[in-house]
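Q: Below is one structure. I have some questions about it.
Number of protein chains: 2
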Amino acid sequence: MSGRPSSPDGRVTHPVPDLHPLPVPAPPAVGIVPGGTWTTVAGTQVGVAQGDIKGNKKLRDDVAVLVAPGVAAALTTTSSAAAAPCRWTRARVPGPVHAVVVNAGNANAATGAQGHRDTAATAAAAAAVLGCPADQVLVCSTGVIGVPMPMQRLLPAVERAAGHLSADGHHLARAILTTDLVEKEVCVELDGVTVAGVAKGSGMIHPGMATMLAFLVTDAQVEAPVLQALLADAVDRSFHCITVDGDASTNDTVIVQATGQGRPCPEGSEAHAALAQALFAACRHLARAIARDGEGATTLVECVLHGTADDATARAAARAVLRSPLVKSAVHGRDPNWGRVVGALGAAGVQGLDHLDLDLCGIPVLRDGQPVAWDEAAASAALQAPEVRFTARVPGPGLGVAWGCDLSADYVSINADYRS
Amino acid sequence: MSGRPSSPDGRVTHPVPDLHPLPVPAPPAVGIVPGGTWTTVAGTQVGVAQGDIKGNKKLRDDVAVLVAPGVAAALTTTSSAAAAPCRWTRARVPGPVHAVVVNAGNANAATGAQGHRDTAATAAAAAAVLGCPADQVLVCSTGVIGVPMPMQRLLPAVERAAGHLSADGHHLARAILTTDLVEKEVCVELDGVTVAGVAKGSGMIHPGMATMLAFLVTDAQVEAPVLQALLADAVDRSFHCITVDGDASTNDTVIVQATGQGRPCPEGSEAHAALAQALFAACRHLARAIARDGEGATTLVECVLHGTADDATARAAARAVLRSPLVKSAVHGRDPNWGRVVGALGAAGVQGLDHLDLDLCGIPVLRDGQPVAWDEAAASAALQAPEVRFTARVPGPGLGVAWGCDLSADYVSINADYRS
Chain L
1 MSGRPSSPDG RVTHPVPDLH PLPVPAPPAV GIVPGGTWTT VAGTQVGVAQ GDIKGNKKLR
61 DDVAVLVAPG VAAALTTTSS AAAAPCRWTR ARVPGPVHAV VVNAGNANAA TGAQGHRDTA
121 ATAAAAAAVL GCPADQVLVC STGVIGVPMP MQRLLPAVER AAGHLSADGH HLARAILTTD
181 LVEKEVCVEL DGVTVAGVAK GSGMIHPGMA TMLAFLVTDA QVEAPVLQAL LADAVDRSFH
241 CITVDGDAST NDTVIVQATG QGRPCPEGSE AHAALAQALF AACRHLARAI ARDGEGATTL
301 VECVLHGTAD DATARAAARA VLRSPLVKSA VHGRDPNWGR VVGALGAAGV QGLDHLDLDL
361 CGIPVLRDGQ PVAWDEAAAS AALQAPEVRF TARVPGPGLG VAWGCDLSAD YVSINADYRS
Chain F
1001 MSGRPSSPDG RVTHPVPDLH PLPVPAPPAV GIVPGGTWTT VAGTQVGVAQ GDIKGNKKLR
1061 DDVAVLVAPG VAAALTTTSS AAAAPCRWTR ARVPGPVHAV VVNAGNANAA TGAQGHRDTA
1121 ATAAAAAAVL GCPADQVLVC STGVIGVPMP MQRLLPAVER AAGHLSADGH HLARAILTTD
1181 LVEKEVCVEL DGVTVAGVAK GSGMIHPGMA TMLAFLVTDA QVEAPVLQAL LADAVDRSFH
1241 CITVDGDAST NDTVIVQATG QGRPCPEGSE AHAALAQALF AACRHLARAI ARDGEGATTL
1301 VECVLHGTAD DATARAAARA VLRSPLVKSA VHGRDPNWGR VVGALGAAGV QGLDHLDLDL
1361 CGIPVLRDGQ PVAWDEAAAS AALQAPEVRF TARVPGPGLG VAWGCDLSAD YVSINADYRS
């Protein structure tokens, strides 16, 4: 097949003045610390243990304790079925926090009043070993919904994890996996401020807050309310912009702890700006890693939308495109069926689509709402890459970027019998 | 395995006063006309033709003309990328309508100004043969987005279809299929009012209006604005309650034509009530048929939600449950993982979930927000049925019923390379 441009129906409908690809925003400029992980930040320790929380006798690290005495901020799921640990955590941030307990294998969601008692007991067990108030221990759980937490196995595991702390953060990234295939960790540095993080999540990913667990830590010296505001902004532009399957979880949680052993970051300072940028970069890195590791996924998909009323509208619409099973299936099949992107933008209610410009992997396919001659062979070839991008433009000052993945038959296999 | 009730973790968390299954609303009471189809209604005719609209030389009926001189009402997609034929149709209803032209193979969406000219030319071509004003011909298209309509093939096919009318409505149901596996048609009768309909749709099904094409017809003598109101109400409780993949289409259209050759149905009359009930029954039948025939689906899934502020809220939440890929995958795997239903209700923002009652195929699994002892073997067995039901109850006066289907690997195969 030649590279000669041709329209899908063999004709060009109108002459087009400008077929340059649409612009793509640059990623944040920060230094990545090679091999860095959560414990790269000074003053932090982690402990892990095998709790057999799922009760299937497959022994693996499934309980972790993250110690970073200082302050913390957090965002938890917006689900009205928020799990007990999410409600415990959100009642205690922003504020002084010593440690975080996390378990895989059981979500402690839809577990009634007993679930709340179990979360409090979990925090108390860790606090007793660590020598801090139970109110300074946050709790995160992930796993099956609607099954009472097996406290007879969880509590001893929490005590073992809290009693054997080390500076090896890589254990942590492994301990919080469920159906994840790869560990997700990052450490970035900017202007003397270090931010590190780990995350888990590969299904039930469509953050109504953040649809997964992510643990960030920084050495910055920062007040808890300031940290909370910085986290909210970073999450809006990172975890809130990813989708794997459109399902918000009952247990989504993003926590950032700050040890205060590093640079003071008062509001308005250069250091504060560096912290904001570094925190966003770490969140963006982890969010993209979650999308790339979506259940059954083979391709990271990015959608850039220029226009709409504001950035938040553009981000939501870009994410809606990547939520579409039809768009996701087309990417999986390497089918340059860009009409489905238009369909998804329309279903999301984006205004001004009569003037839509659209690029598929940098190849213009639609200008001012009209199909243009495009090189289908080049588009099919571009779709073979491990990262695929749709770039769209409608009238308006907004700009949004979202990340997702393709939909494969493996997604169905993974989720058809999750519990066994 | 015995049928003895046991909780997932081998313990019962609290005693439960009432473990009767939750109630399920009865379907509307109407008479189904055996073998009835669109042309069972007096005064109607259809014509079909092979247009090779997709341009792949696979000859099949892909153009149809539906003649029912009288008045019509219609609802079209809420997508902001609404296709040219949807905009043409919505500008002409409610009002006098002679016929509807429909084609498969090309959606005439994202086709710019040329798309609007093509729709007008299509209506004019049919009108010239039928001897009516072009403004009394509605147009519906379904198929690939972003490809100019091949008018050199469409127009002759429209003329052939309009020129060879017959009373064999079964041709019609076949002509409008794309990835559908089964024809969807129904004819109901109540108190001397007849309503018949055909529909297509199996993917891109999540009505922002109705996410598919459905053509209804009645012999009722009714004014166009009254018919429009009746259609809007029936669609709210039928097509708006189904979801296959959460994608609203650019081309969704439901049209009802009324020939006026039957009973007068003035507002407030018994006949009006019968028309309302019959129209709802026909819409409900077709909507369920679309959900059952969802791309790759093996199971019709019904979600009944008692409670929430009002019926509309309950319907939207019930549909959100059936949109969840995790719920759909679990049904496909016959995995009684009802926690995912709780997760989906929470993601939909349903209030009062701390007091949630939930049944899985009539088996109580949650009462007042607490897991109860349930018979997992019986639940797994119930999930083998061709129809599966979740019934939920939260505080509030609303009631909603929605229909969907499971998510299979075949869905991905069907959509990974739709265009070829």
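Chains L and F, in that order, give the protein sequences.
Each residue of the first sequence is one higher than the one before, starting from 1 at the first, in our numbering.
Each residue of the second sequence is one higher than the one before, starting from 1001 at the first, in our numbering.
For glycine and all other residues, C-beta sits at the position ideal for the given N, C-alpha and C.
Can you say whether SER269 (chain L) is buried or exposed, counting buried as having 16 or more other CB atoms within 10 angstroms of its CB?
A: Stepping through the first sequence from its first residue, residue 269 (chain L) is reached at position 269. Burial call: exposed.
Q: From the beta carbon of THR1250 (chain F), is the nearest beta carbon of chain A less than 7 Å away?
A: The structure shown contains no chain A; its protein chains are L and F.
Q: Report buried or exposed for HIS1171 (chain F), applying the criterion of at least 16 other Cβ atoms within 10 angstroms of its Cβ.
A: Here residue 1171 (chain F) corresponds to residue number 171 of the second sequence, with the count starting at 1. HIS1171 (chain F) should be labelled buried.
Q: With a threshold of 7 Å between beta-carbons, can ALA81 (chain L) be considered close to chain F, or not?
A: Start at 1 with the first residue of the first sequence, and residue 81 (chain L) comes out as number 81. It does; some Cβ of chain F falls within 7 Å.
Q: Assess, as a yes-or-no matter, whether the segment 115-129 of chain L is touched by the segment 282-289 of chain L under the definition of 3 or more beta carbon pairs within less than 8 Å.
A: Contact between the segment 282-289 of chain L and the segment 115-129 of chain L is absent, because fewer than three Cβ pairs lie under 8 Å.
Q: Can you list the beta strand (DSSP E) stretches of 3 or more residues lying completely in the segment 261-308 of chain L, in chain order?
A: 300-306, all fully within the segment 261-308 of chain L.
Q: Identify which residue in F:GLY1035, F:CYS1283, F:ALA1104, F:GLY1043 has its Cα closest to the Cα of VAL1063 (chain F).
A: Counting from one through the second sequence, the residue named residue 1063 (chain F) turns up at place 63. For VAL1063 (chain F), the nearest C-alpha among the options comes from F:ALA1104.
Q: Report the residue from F:VAL1254, F:ASP1191, F:ARG1092 whose alpha carbon sits nearest the alpha carbon of LEU1216 (chain F).
A: As a first step, residue 1216 (chain F) must be located in the second sequence, where it is residue number 216. Comparing Cα positions, the closest option is F:VAL1254.
Q: Would DSSP call LYS1184 (chain F) helix, strand or coil?
A: Here residue 1184 (chain F) is taken as the residue at index 184 of the second sequence, counted from 1. Of the three classes helix, strand and coil, the one that applies to LYS1184 (chain F) here is strand, per DSSP.
Q: Measuring CA to CA, which of F:HIS1098, F:ALA1074, F:ALA1107, F:THR1313 is closest to ALA1084 (chain F)?
A: Stepping through the second sequence from its first residue, residue 1084 (chain F) is reached at position 84. Out of F:HIS1098, F:ALA1074, F:ALA1107, F:THR1313, F:ALA1107 has the C-alpha closest to the C-alpha of ALA1084 (chain F).
Q: Would you say ASN251 (chain L) and SER141 (chain L) are within 7 Å of each other, going by their C-beta atoms?
A: Residue numbering aside, residue 251 (chain L) sits at position 251 when the first sequence is read from its first letter. Residue numbering aside, residue 141 (chain L) sits at position 141 when the first sequence is read from its first letter. Yes, they are a contact pair.
Q: Verify the CB distance criterion: does GLN1370 (chain F) have a CB-CB separation below 7 Å to chain L?
A: Within the second sequence, the letter at position 370 stands for residue 1370 (chain F). True, the Cβ-Cβ gap to chain L drops below 7 Å.
Q: Exposed or buried, PRO386 (chain L), counting other C-beta atoms within 10 Å across all chains shown (16 or more means buried)?
A: What you label residue 386 (chain L) is simply residue 386 of the first sequence in a count that begins at 1. The residue in question, PRO386 (chain L), is exposed, as its Cβ has fewer than 16 Cβ neighbours within 10 Å.
Q: Of all the beta strand (DSSP E) runs that stay within the bounds of the segment 1032-1105 of chain F, which reach a length of 3 or more residues?
A: Entirely contained in the segment 1032-1105 of chain F, the beta strand (DSSP E) runs reaching 3 residues are, in chain order, 1045-1049, 1063-1076, 1095-1103.
Q: I need the straight-line Cα distance from ILE145 (chain L) to THR1119 (chain F), nearest angstrom please.
A: Position 145 of the first sequence, counted from the start, is the residue given in the question as residue 145 (chain L). Position 119 of the second sequence, counted from the start, is the residue given in the question as residue 1119 (chain F). Cα-Cα distance, rounded: 51 Å.
Q: Would you tell me roughly how many angstroms separate the C-alpha atoms of VAL1188 (chain F) and VAL301 (chain L), rounded to the nearest one?
A: Sequence index remark: in the second sequence, residue 1188 (chain F) carries index 188 (1-based). Sequence index remark: in the first sequence, residue 301 (chain L) carries index 301 (1-based). Rounded to whole angstroms, VAL1188 (chain F) to VAL301 (chain L) spans 47 Å at the Cα level.
Q: Answer yes or no: does any C-beta atom of chain F fall closer than 7 Å to that of GLY339 (chain L)?
A: Within the first sequence, the letter at position 339 stands for residue 339 (chain L). It does: the Cβ of GLY339 (chain L) has a partner Cβ on chain F nearer than 7 Å.
Q: What is the rounded straight-line gap between the Cα of HIS483 (chain L) and the Cα of THR37 (chain L)?
A: Absent from the structure is residue 483 (chain L), since the part of chain L shown begins at 1 and ends at 420.
Q: Based on the DSSP secondary-structure assignment, which residues constitute the bridge partners of ASP1166 (chain F)?
A: Against the second sequence, residue 1166 (chain F) aligns to sequence position 166. Going by the sequence as given, residue 1166 (chain F) is Ser instead of Asp. Looking at the DSSP assignment, SER1166 (chain F) forms a beta bridge with F:VAL1046.
Q: Less than 7 Å between C-beta atoms, sequence neighbours within five positions excluded: which residues of the same chain meet that for ALA1162 (chain F)?
A: The residue labelled residue 1162 (chain F) in the question sits at position 162 within the second sequence. The answer, listed in chain order, is GLY1047, VAL1065, ALA1126, VAL1129, LEU1130.
Q: Check whether the Cβ atoms of LEU1230 (chain F) and LEU1190 (chain F) lie closer than 7 Å to each other.
A: Against the second sequence, residue 1230 (chain F) aligns to sequence position 230. Against the second sequence, residue 1190 (chain F) aligns to sequence position 190. Contact flag unset, no.
Q: What does GLN1351 (chain F) reach in chain L if we use C-beta pairs closer than 8 Å?
A: Mapped onto the second sequence, residue 1351 (chain F) falls at position 351. Per Cβ cutoff of 8 Å: SER80.
Q: According to DSSP, is ALA1377 (chain F) helix, strand or coil?
A: For the purposes of this step, residue 1377 (chain F) is identified with residue 377 of the second sequence, where counting begins at 1. Note: ALA1377 (chain F) maps to helix in three-state DSSP.
Q: By Cβ distance below 6 Å, which residues in the same chain neighbour GLY404 (chain L) in space, the five residues on each side in sequence not counted?
A: The residue you call residue 404 (chain L) lines up with position 404 of the first sequence. Excluding sequence neighbours, GLY404 (chain L) sits near THR243, ALA291, VAL301, LEU322.
Q: Under 8 Å between beta-carbons, which chain L residues line up against PRO1085 (chain F)? List them in chain order, please.
A: Taking the second sequence and counting its residues from 1, the one referred to as residue 1085 (chain F) is at position 85. Ordered by position in chain L, no residue passes the 8 Å Cβ test against PRO1085 (chain F), which lies about 14 Å from the chain.
Q: Are the beta-carbon atoms of VAL388 (chain L) and TRP374 (chain L) separated by less than 7 Å?
A: In the first sequence, the residue the question calls residue 388 (chain L) occupies position 388. In the first sequence, the residue the question calls residue 374 (chain L) occupies position 374. Result no, Cβ atoms of VAL388 (chain L) and TRP374 (chain L) do not sit closer than 7 Å.
Q: Check whether the Cβ of SER269 (chain L) lies closer than 7 Å to any Cβ atom in chain F.
A: As a first step, residue 269 (chain L) is located in the first sequence; it is residue number 269 there, counting from the start. SER269 (chain L) does not count as touching chain F.
Q: Using a cut-off of 8 Å between C-beta atoms, extract the partners of LEU300 (chain L) located in chain F.
A: On the first sequence, residue 300 (chain L) is found 300 positions in, with the first residue counted as 1. Those do not exist, as LEU300 (chain L) stays about 17 Å from chain F at its closest Cβ, beyond 8 Å.
Q: Nearest chain F C-beta to ILE145 (chain L) closer than 7 Å, yes or no?
A: Position 145 of the first sequence, counting from 1, holds the residue named residue 145 (chain L). At least one chain F Cβ lies under 7 Å of ILE145 (chain L).
Q: Taking beta-carbon pairs under 8 Å, can you tell me which members of the segment 1094-1117 of chain F lie near chain L?
A: From the segment 1094-1117 of chain F, only ALA1107, ALA1109, ALA1110, THR1111, GLY1112, ALA1113, GLN1114 have a Cβ closer than 8 Å to chain L.
Q: Apply the 10 Å Cβ neighbour rule to GLY1208 (chain F) and answer buried if 16 or more other Cβ atoms are within range, or exposed otherwise.
A: As a first step, residue 1208 (chain F) is located in the second sequence; it is residue number 208 there, counting from the start. Any reading at GLY1208 (chain F) must be qualified, since the residue scores a pLDDT of 35, below 50, and its modelled position is unreliable; the value itself is stated next. Buried, because 16 or more other Cβ atoms sit within 10 Å of the Cβ of GLY1208 (chain F).
Q: Just tell me which of F:HIS1332, F:ILE1363, F:ASP1335, F:ALA1318 has its CA closest to the CA of ALA1344 (chain F).
A: As a position in the second sequence, residue 1344 (chain F) is number 344, starting the count at 1. Closest option to ALA1344 (chain F), Cα to Cα, is F:ALA1318.
Q: Cβ of ALA82 (chain L) within 7 Å of Cβ of GLN228 (chain L)?
A: Position 82 of the first sequence, counting from 1, holds the residue named residue 82 (chain L). Position 228 of the first sequence, counting from 1, holds the residue named residue 228 (chain L). No, Cβ-Cβ distance for ALA82 (chain L) and GLN228 (chain L) is not below 7 Å.
Q: Does the Cβ of ALA196 (chain L) have 16 or more other Cβ atoms within 10 Å, making it buried, or fewer, making it exposed?
A: Working through the first sequence from its first residue, we reach residue 196 (chain L) at position 196. Looking at its Cβ environment, which holds 16 or more other Cβ atoms inside 10 Å, ALA196 (chain L) is buried.
Q: Buried or exposed, going by whether 16 or more other CB atoms sit within 10 Å of the CB of GLN277 (chain L)?
A: Position 277 of the first sequence, counted from the start, is the residue given in the question as residue 277 (chain L). Per the 10 Å Cβ criterion, buried.
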